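Okay, so the sequence shown: first residue is 0 according to numbering that gives the first Met the number 0, each after it adds one.
Note that CB positions come from ideal geometry on N, CA and C, so glycine has one too.
In this text, all values refer to a predicted model and were calculated from it rather than measured experimentally.
The block underneath contains the structure these notes are about, expressed in structure tokens.
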Amino acid sequence: MLIAPANIASLNVRAFFTTKHMSKHNDNMKEVLAKEFHISKDDIYLPIQKHTGNIHVLESDREPVIADAVVTHTRNIFIGILVADCVPILLYDGCKGVIGAVHAGWRGTAKQILKNTLEIMSQRFHCYPGNISVAIGPSIRGCSYEVGEEVVSEVQRATGKGTYYGRMHNKYYIDLSSANKLQALSAGISEDNIWQSDDCTYCNPHKYYSYRHSGGSTGRQGGFIGMW
């Protein structure tokens, strides 16, 4: 099953989030996608994710680098990121022909990786925020994501105050999906251009891989986008 965000719909772009039926291994996931879309595995690019704030601008060299976001104007390639509770985010500017994929865990959110990716799209490719569509995929939501006070403090420092975090029975909970939506809005993205999945990966273990639900060992789903 593939989940296609409604706000990224065009004849020359394909954007989707995968579910649990995909393999937990990068190469096997590439094989499944290559077969389904009749493309080469070499035309699917995944960075080496390390919960960094690194953003890779993909040009002709397709050697994987350590990064948690990828931006490109290259056509005929899928770029993507893998998650198992963290927030997968896809970006598309149809006017400039630029796409992006972002992996935003709490560390990436605290480092404003989404806002910085949007800034690179603006500076490097002259994208205008009003033309960028943002799709925020399934992730662990505030109903299930218990964290320490220091996590809330770091994300709040990057995002500002909001209803994306709270305290109940002396425990802190945070919704990184909504935090990233607020960061997108603060970067000038129109709310009409933001699609946000309602699904919680922890609450739907039959459908998604969840690191928290599995106790630390699990597979991965992904977010992918490509232009043709």
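Residue burial classification, residue i (beta-carbon count within 10 angstroms, cutoff 16)
i, result
"Gln220", "buried"
"Leu57", "buried"
"Gly79", "buried"
"Met28", "buried"
"Gly222", "buried"
"Gln182", "buried"
"Gln195", "buried"
"Asn53", "buried"
"His37", "exposed"
"Lys180", "buried"
"Asp264", "With the chain covering only 0 through 227, there is no way to say anything about residue 264."
"Cys126", "buried"
Rounded distance between the beta-carbons of residue j and residue i, thought under 8 Å
i, j, result
"Leu45", "Pro63", "6 Å"
"Thr116", "Val101", "5 Å"
"His55", "Ala66", "4 Å"
"Val154", "Ile173", "6 Å"
"Phe16", "Pro137", "6 Å"
Residue nearest to residue i in terms of C-alpha spacing, selected from the options
i, options, result
"Phe141", "Asp191, Cys202 and Phe124", "For the record, residue 141 in the displayed sequence is Gly; it is not Phe. Looking at the Cα atoms, Cys202 is the closest of the given residues."
"Gly104", "Ile112, Arg13 and Val97", "Ile112"
"Val133", "Asp92, Ala157 and Leu175", "Asp92"
"Leu184", "Gly161, Thr71 and Asn27", "Gly161"
"Ser209", "Met0, Thr18 and Ile2", "Thr18"
"Asn169", "Ala5, Ile38, Gly136 and Val146", "Val146"
"Val69", "Gln48, Asn179 and Glu149", "Gln48"
"Asp42", "His50, Val31, Thr51 and Gly52", "Val31"
"Asn192", "Pro128, Ala83, Arg123 and Gly218", "Pro128"
"Gly159", "Tyr171, Lys34, Arg61 and Ser177", "Ser177"
"His20", "Glu190, Glu35, Ser9 and Ala8", "Glu35"
"Ala3", "Thr71, Lys40 and Pro87", "Pro87"
"Thr217", "Ser152, Cys85 and Glu118", "Cys85"
"Glu148", "Met120, Arg166, Arg106 and Asn75", "Arg166"
Simplified DSSP state of residue i, which is helix, strand or coil
i, result
"Ser177", "helix"
"Ile119", "helix"
"Met226", "strand"
"Ile7", "coil"
"Tyr210", "helix"
"Thr108", "helix"
"Pro46", "coil"
"Asp92", "strand"
"Val230", "An answer regarding residue 230 cannot be provided, because it is not within the stretch 0 to 227 covered by the chain."
"Gly132", "Per the sequence shown, residue 132 should be read as Ser rather than Gly. Looking at Ser132 - three-state DSSP - the assignment turns out to be strand."
"Thr217", "coil"
"Ala100", "strand"
"Thr71", "strand"
Residues that DSSP places opposite residue i in a beta bridge
i, result
"Met167", "Lys170"
"Phe16", "Ile2 and Gly222"
"Ser138", "Cys199"
"Glu145", "Tyr172"
"Thr51", "DSSP output for Thr51 lists no bridge partner at all."
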